[in-house]
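Here is the structure we will look at.
Chains as they are written, first to last, in our numbering: chain A, 1 to 167; chain B, 1001 to 1167.
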């Protein structure tokens, strides 16, 4: 896995979603509660999906495969000033890893049906984890520059600013 | 980043924690609320940390660098029967990616001080994301095989079962 400081992963599958472009795609899953998609896991890994359908929500770890080059400062969709990229969810990260909490509707063999999706079609999937509130949810939270921006703001749709080849 | 289907990442930094072995390490952050550690980010990426200290919690994406070979079925710490690895948080995953929600105590230049840590010393860090409840927390959750196991169960400590070279 490690090659002189590099980390090498192999995708375990792919997302099949209605979004073939970031244009008009919800920025984050809460803007896409009704959108469903499939996660097609390679048969070689299907055994690892056993017991997953007992969970109502899963965390998808994937590659922002269409992201442009990494930028350490970005202007996020919900802001007008530059922020450190690690204080944002922008895809133009040094390692373009995406993380989305989605609802798991069901499993049919090696295919997961999910809802609440903000993920592009053909996105390579690296890992799937069960969502466990005892581990994955925190109380008494401060959200920095996002403070005061309402949750519904996440329903805004994306534009081209983080796209490969985009502006 | 992509090499014939492979995904290549470069760590952005390293965790400095009191845990030099999985023996006695909390299984997950909630078992380690009082444990503090540092995330030392390479100077080359320090600019990306701007604005992060406005957030009370961060998501660390890292490599389980001491995990043994991948197994598609594992017996989790909190269970006695084998489960699909993607329905667990075991480190022996096809792509050994770890994800931990931790409290951010503060930042000093390229060093983050964090609390609530279940991460081994020298763990390579791949990404840091701000924790945003509107995106990262769900209600009305089912937790499958974990149902009925209390949250305090996560305070159990790890043994050697997932360690490289371990049993």
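We put the CB at the ideal spot given by N, CA and C, even for glycine.
Per DSSP, cross-strand counterpart(s) of residue i
i	result
residue 1069/B	Its beta-bridge partners do not exist; DSSP assigns none.
residue 37/A	114/A
residue 1062/B	1098/B and 1125/B
residue 14/A	40/A and 124/A
residue 130/A	58/A
residue 1009/B	7/A
residue 1084/B	1073/B
residue 104/A	114/A
residue 1143/B	55/A
Environment of residue i [buried if 16+ CB atoms lie within 10 Å]
i	result
residue 1044/B	exposed
residue 97/A	buried
residue 21/A	exposed
residue 89/A	buried
residue 1015/B	buried
residue 140/A	exposed
residue 80/A	exposed
residue 152/A	Interpretation of residue 152/A is limited by its pLDDT of 49, a score under 50 that renders its predicted location unreliable; the figure taken from the coordinates is listed afterwards. Flag for residue 152/A reads exposed.
residue 1012/B	buried
Chain-ordered neighbours of residue i on chain A, where CB pairs are closer than 8 Å
i	result
residue 1073/B	47, 48 and 50
residue 1089/B	129, 130, 132 and 135
Residues near residue i in its chain [Cβ-Cβ closer than 7 Å; skip 5 each side]
i	result
residue 106/A	53 and 113
residue 94/A	70
residue 1146/B	1078
residue 131/A	55, 57, 58, 59 and 101
residue 6/A	none
Neighbour list for residue i in chain A, Cβ cutoff strictly below 7 Å
i	result
residue 1069/B	Result: empty, since nearest Cβ-Cβ is about 10 Å, beyond 7 Å.
residue 1066/B	The contacting residues do not exist; residue 1066/B stays about 11 Å from chain A at best.
Other residues of its chain near residue i: CB distance less than 8 Å, five sequence neighbours each side excluded
i	result
residue 1111/B	1038, 1039, 1040 and 1041
residue 36/A	105, 113, 114, 115 and 117
residue 144/A	87
residue 85/A	70, 71, 72, 73, 74, 92, 93 and 94
residue 1049/B	1041, 1107, 1110, 1112 and 1128
residue 1003/B	Note that residue 1003/B has pLDDT 45, beneath the 50 cutoff, so the model's placement of it is unreliable and the number below is only indicative. Same-chain partners within the cutoff: there are none.
residue 1061/B	1097, 1098, 1099, 1125, 1126, 1127, 1128 and 1129
residue 18/A	35, 37 and 121
residue 10/A	none
residue 135/A	none
Within chain A, the residues that residue i reaches when beta carbons sit closer than 9 Å
i	result
residue 1011/B	5, 6, 7 and 95
residue 1056/B	138, 140, 141, 142, 143 and 144
Chain-ordered chain B contacts of residue i [CB-CB under 8 Å]
i	result
residue 77/A	Residues of chain B passing the Cβ test: none, with the nearest at roughly 12 Å.
Nonlocal neighbours in the same chain, by C-beta distance under 6 Å from residue i, ignoring five residues either side
i	result
residue 1082/B	1073 and 1075
residue 1149/B	1078
residue 1103/B	1057, 1115 and 1116
residue 1046/B	1110
residue 165/A	Caution applies to residue 165/A, whose pLDDT of 45 falls short of 50 and renders its modelled position unreliable; the model cannot decide the point.
Under 7 Å by beta carbon: chain B residues contacting residue i
i	result
residue 106/A	Within chain B, no residue comes near residue 106/A; the closest Cβ sits about 13 Å away, beyond 7 Å.
residue 83/A	1050 and 1051
Interface residues of chain B facing residue i [CB-CB closer than 9 Å]
i	result
residue 86/A	1012, 1041, 1045, 1048, 1049, 1050, 1051, 1052, 1058, 1127, 1128, 1129 and 1130
Selection of the stretch 129 to 143 of chain A by Cβ proximity to chain B, strictly under 8 Å: 129, 130, 131, 132, 133, 134, 135, 136, 137, 138, 140, 141, 142 and 143
Interface residues of the stretch 1110 to 1123 of chain B facing chain A [CB-CB below 8 Å]: none
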